[in-house]
Amino acid sequence: MSSKFVWGVVGLLVLLAAGAAVVVLQRSPTGPVEPAWDRQACAHCRMHLSEPPFAAQLRTAEGEVLYFDDPGCLFLWEAQQSRPPAAVYFRHLREPRWLAEAETGFLRVDYSPMGWGLGAVDRREPGTISPEEARQAVLSGPGKAAHPPGERAHEPAAH
């Protein structure tokens, strides 16, 4: 083998490795992504995300991150899609952190930005309903997810 051929193969391998590195580095991040609060619009209702305790987000199968100002908006948007999301996150009602859907339970609250009356907390917290129960309450129609009369409401933490 000539040295020209060997150097050609080495050069080709270097280019392939560099291309693979670029593809890996450009992949979507995993986990929740902080939105631009007060500037990012809800993917469903187009209102700005201005109340972090009620925010939600999902990552599509293509890696796009979509934000929602109320869990109800996420559930309504999701019901109109033909493909399931790759990941869903809800902002904790009282703590500045995100919860994966599998970790999430919902409390019925008197207030939420779009009036669905749902606040996300750890699923093990007493009095929660599952994400599926919350989803079904929203999809059942206006007022179905809201806090039932006489039941104690939970307030979000100040942000």
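Going by my numbering, the sequence shown opens with residue 22, and the numbers climb by one from there.
Where a beta carbon is used, it is the ideal one built from N, C-alpha and C, also for glycine.
- When DSSP reads this structure, LEU160 sits in no beta bridge, so it has no partner.
- Under the three-state reduction of DSSP, ALA121 is assigned to strand.
- Counting along the chain, no alpha helix (DSSP H) covers LEU139; the unbroken beta strand (DSSP E) around it starts and ends at 139–143.
- Ranked by how close their Cα comes to the Cα of ARG145, the residues SER161, TYR132, PHE127, LEU70 have PHE127 in first place.
- At the C-beta level, THR125 and ALA107 stay beyond 9 Å of one another.
- Excluding the 5 residues flanking it on each side, PHE75 has same chain C-beta neighbours closer than 6 Å at ASP91, SER133, PRO134, in chain order.
- GLY93 carries a helical assignment under DSSP once its states are collapsed to helix, strand and coil.
- Residues ASP91, GLY93, VAL159, ALA166 of the same chain have their beta carbon placed closer than 6 Å to that of TRP137, with the five preceding and five following residues left out of the count.
- When TYR110, THR51, HIS69 are compared, the shortest CA-CA separation from VAL142 is found for TYR110.
- Looking at the backbone, the Cα of VAL54 and that of ARG60 are separated by about 14 Å.
- With a cutoff of 9 Å on beta-carbon distance, ILE150 and ARG118 are scored as not near each other.
- Minimum Cα-Cα distance from GLU153 among the listed residues ALA100, ARG112, TYR88 corresponds to ALA100.
- Cβ neighbours of ALA64 within its own chain (closer than 7 Å, five residues either side excluded): LEU87, TYR88, PHE89, TRP98.
- For GLN78, the uninterrupted beta strand (DSSP E) segment begins and ends at 77–80.
- With fewer than 16 other CB atoms across the displayed protein chains lying within 10 angstroms of its CB, ALA57 is exposed.
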